[in-house]
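Positions in the sequence shown are counted from 1; adding 294 to them yields the working numbering. Idealized CB from N, CA, C, for every residue including glycine.
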Amino acid sequence: MPLIVLCGRPTTGKSQRASELETYFRDTCAKPTILIIDESFASNKSTPYKDRAGEKNLRAHLKSNAERAVSRDTVVILDAMNYIKGYRYELYCIARSQRTPHCIVYCDTTLEQAREWNTANEEAHYEAELFEDLSRRFETPNERNRWDAPLFTVKPDEPTPYEAIKEALLQRAQKPPNIATIPQKLSDTNFVYELDKATQEIVSAILEAQGQAVVGDCFSVPKATLKFHLSRNVTLSELRRVRQQFLKITQMHPPKVEDIGNVFVEYLNTTLAT
């Protein structure tokens, strides 16, 4: 059964849509429906976003809950901003690892309207500076990215497309998981060493190669048969950040040692895509 991921700027009606979807699936689907909300982490939903550590802990908390809940027998609805494309990719990987479909429901509200709603919501509004910061960092989903598809964009005056979502998730054939999302048992004693070595070599190779490459080039890197696609120039700090994200993912879904290079290159190509 599917994972339904809500996304959008602050105060754009995500919780209302999630509640409507929960009611719809409870009434029309024989399988259990689980609603995961960001308010379960703190009494005030804006509190975790006030510092980077709290924001990071919130994302980990939501992802952990989603990973425990997602299965072939449960409809899971994740109600949060989910504004980082790399984070949505991780949620996509969770669904694929369970061989269950997923979709994105994007609450597409103009910044002006969201700002007005935030100001009017006295009980659970975001501070003005925090609202602007989160809105600025929001990465709009793109249906051309497989982790953002199928994508349902809903404007404030439009009804929730229940039937279209149900049809897309429950009546379409699910693709088999790829090498980046199939969980493997951590049986190789040298896995951590090989993981660290391969990812470091690939990062170094990318930094060196992009000095001679132009945006749009694809070039080979060590430890992988897949080629790295230079969609834009990247910095060492950005590559280090993406590498750390990848290392955390492999703790939950470790690939085979011989696949580490290809899985990392695939993750880089996905996360760094413009």
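Secondary structure at F425: helix, using DSSP grouped into helix, strand and coil. Here the C-alpha atom of A347 lies approximately 15 Å from the C-alpha atom of R535. Note on the stretch 502–540: there is no whole beta strand (DSSP E) run with a minimum of 3 residues. Per DSSP, reduced to three states, the secondary structure at V448 is strand. Note on P453: under 16 other CB atoms within 10 angstroms of its CB, so exposed under the neighbour-count rule.
Per DSSP, Y400 is one residue of the beta strand (DSSP E) stretching across 396–401.
DSSP places T404 outside both helix and strand once states are collapsed to three, so it counts as coil.
The three-state secondary structure of C323, taken from DSSP, is coil. Comparing alpha carbon positions, the residue from N412, D451, N351, I543 closest to T565 is I543. Beta-carbon to beta-carbon, N376 and C301 are separated by about 4 Å, close enough to satisfy the 8 Å threshold. DSSP places D373 within a strand segment (E or B) once states are collapsed to three. In summary, P342 is buried, with 16 or more beta-carbon neighbours lying within 10 Å of its beta-carbon over all protein chains present. Taking the CA atoms as reference points, P296 sits about 36 Å from K491. The beta-carbon separation of I331 and V370, rounded to 12 Å, does not stay under the 8 Å limit for a contact. Look at V551 here: in three-state DSSP terms it is helix. For L297, the secondary structure class from DSSP, reduced to helix, strand or coil, is strand.
One thing to note: L405 has its Cβ within 8 Å of the Cβ of S429.
In terms of CA proximity to A408, G307 leads the group G307, E457, Y456. If you compare the alpha carbons of N415, V299, V497, L541 with that of L530, the shortest gap goes to V497. The beta carbon of R320 is closer than 6 Å to those of T327 in its chain, skipping five residues each way along the sequence.
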